[in-house]
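If you read the sequence shown in full-length UniProt numbering, its first letter stands for residue 1, the second for the next number, and so on. Think of the CB as a built atom: it goes at the ideal place given N, C-alpha and C, for glycine as much as any other residue.
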Amino acid sequence: MSFVIIILLGLLSSLTIYQNHLHSTLYLERRLQVESLFQLGLTTFKDEYQGLNEDAGSRFYVFPDGSVTIKYENLSDNKMKLTILVKTPESSSPYRTQKIIPISSP
Numbered sequence: 001m002s003f004v005i006i007i008l009l010g011l012l013s014s015l016t017i018y019q020n021h022l023h024s025t026l027y028l029e030r031r032l033q034v035e036s037l038f039q040l041g042l043t044t045f046k047d048e049y050q051g052l053n054e055d056a057g058s059r060f061y062v063f064p065d066g067s068v069t070i071k072y073e074n075l076s077d078n079k080m081k082l083t084i085l086v087k088t089p090e091s092s093s094p095y096r097t098q099k100i101i102p103i104s105s106p
C-alpha cells in the first residue's frame, strides 16, 4: 500500500512541476513577443524620424503580433524622449516604457 502512495506522490509532483514549466514557458513567450514589438517599433521609428519636422507627436505601427504607439518629444538638439506603448491581442492593457534616444542632425 505504501508503495502505491509513493508512486502517486511522485506522479503528482511530476505533474505539478510540468504545469509550472508550462506556465513559465507561456510567460517567457509573452515577454519575448512584447520585447520584439518594442524593438520593431523603435527600429521603424528610428528609420523614419529623420523626416519628421514636428517637435512632438506620435506614430502608430501595426505588426503581425500586435501594435506599437510611439509618442515622441524633442528634449534638445540631440535628444528625444519616447513613450512606447505595446498592445498585443492577449493583453488587456498596453505595456509601456520610456526611453531617451540620441538623435543626429541630417
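On the three-state DSSP scale, how would you describe residue i?
| i | result |
| --- | --- |
| T97 | strand |
| S67 | strand |
| E54 | coil |
| E73 | strand |
| T83 | strand |
What are the boundary residues of the beta strand (DSSP E) that includes residue i?
| i | result |
| --- | --- |
| I103 | Unbroken run through I103: none, as it is neither H nor E. |
Start and end of the alpha helix (DSSP H) containing residue i?
| i | result |
| --- | --- |
| T44 | S2 to E48 |
Using 8 Å as the threshold, is the C-beta distance between residue i and residue j below it?
| i | j | result |
| --- | --- | --- |
| T83 | Q98 | yes |
| V86 | F45 | no |
| E79 | S58 | The question names Glu, yet the displayed sequence has Lys at residue 79. Taking 8 Å as the Cβ cut-off, K79 and S58 do not qualify as a contacting pair. |
| V62 | G41 | no |
Inset, instruction - Decide if the stretch 43-59 is in contact with the stretch 15-33; the criterion is three or more beta carbon pairs, one per stretch, under 8 Å apart. - result: Contact between the stretch 43-59 and the stretch 15-33 is absent, with fewer than three C-beta pairs closer than 8 Å.
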